[in-house]
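Residue numbers (the UniProt record's numbering): 1 to 143. Worksheet for the structure shown next.
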Amino acid sequence: MGRKKLEIKRIEKNSSRQVTFCKRRNGLIEKARQLSVLCEASVGLLVVSASDKLYSFSSGDRLEKILDRYGKKHADDLNALAELMLKLVESLKEKENLLKEENQVLASQIEKKNLEGAEADNIEMSSGQISDINLPVTLPLLN
Numbered sequence: 001m002g003r004k005k006l007e008i009k010r011i012e013k014n015s016s017r018q019v020t021f022c023k024r025r026n027g028l029i030e031k032a033r034q035l036s037v038l039c040e041a042s043v044g045l046l047v048v049s050a051s052d053k054l055y056s057f058s059s060g061d062r063l064e065k066i067l068d069r070y071g072k073k074h075a076d077d078l079n080a081l082a083e084l085m086l087k088l089v090e091s092l093k094e095k096e097n098l099l100k101e102e103n104q105v106l107a108s109q110i111e112k113k114n115l116e117g118a119e120a121d122n123i124e125m126s127s128g129q130i131s132d133i134n135l136p137v138t139l140p141l142l143n
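And the structure:
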């Protein structure tokens, strides 16, 4: 017969909570030790209790060495991510410049067509008045 499934929620009774913490912490440390032995892995484990008491476990290597290796690996990942972000920013700036140029070309074409239409209708408008009419047509660009 199997065990009853335990609902994971905060244990209200302080003494029961402390007993459960100790048992589960010891079980977690045992699993970390087994992982280290079976897989020849460097395992570092930090547990901080609700009363701010620190428990640690490390296999083979010192915990500081394991954390240092993790920090170096994480720094390499952050550097790669930063390089990728810079490339994306450059790409977006190029796209922005292309869109600005395209916007200017379209605005000048619209202004030219409006001038041709104004001449055909014998309406006299300055280019400033025409560009004022076409202001909503231009694309808003991000800075």
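Even glycine gets a Cβ: it sits at the ideal position worked out from N, Cα and C. Keep in mind that this is a model prediction, so the values were computed, not measured.
Given residue i as reference, the closest of the options once Cα atoms are compared
i   : options                : result
S42 : V48, F57 and S49       : F57
R17 : L86, A50, L67 and K100 : A50
K53 : L106, R25 and N103     : R25
S59 : K65, E83 and G44       : G44
Boundaries (first-last residue) of the alpha helix (DSSP H) holding residue i
i   : result
V37 : N14 to C39
Inter-residue Cα distance where the pair is residue i and residue j
i           : j    : result
K13         : G2   : 26 Å
N114        : S108 : 10 Å
L88         : N97  : 14 Å
L6          : V47  : 22 Å
A80         : E40  : 29 Å
V19         : Y55  : 15 Å
K9          : L92  : 47 Å
R33         : E90  : 48 Å
R62         : H74  : 19 Å
L106        : L67  : 57 Å
residue 146 : M85  : The question about residue 146 has no answer here: the residues shown for the chain are numbered 1 through 143.
Q104        : K72  : 48 Å
K31         : K95  : 52 Å
L38         : L28  : 15 Å
residue 148 : K112 : What the structure shows of the chain is the stretch from 1 to 143, and residue 148 is not part of that stretch, so it cannot be assessed.
For residue i, the residue or residues it bridges with in DSSP
i   : result
S58 : G44
Interface flag, residue i vs chain D, CB-CB below 9 Å
i   : result
L28 : Among the chains in the structure shown there is no chain D, since it carries only a single protein chain.
*Curious, which full-length alpha helix (DSSP H) runs of at least 4 residues does the segment 73 to 115 contain?*
none
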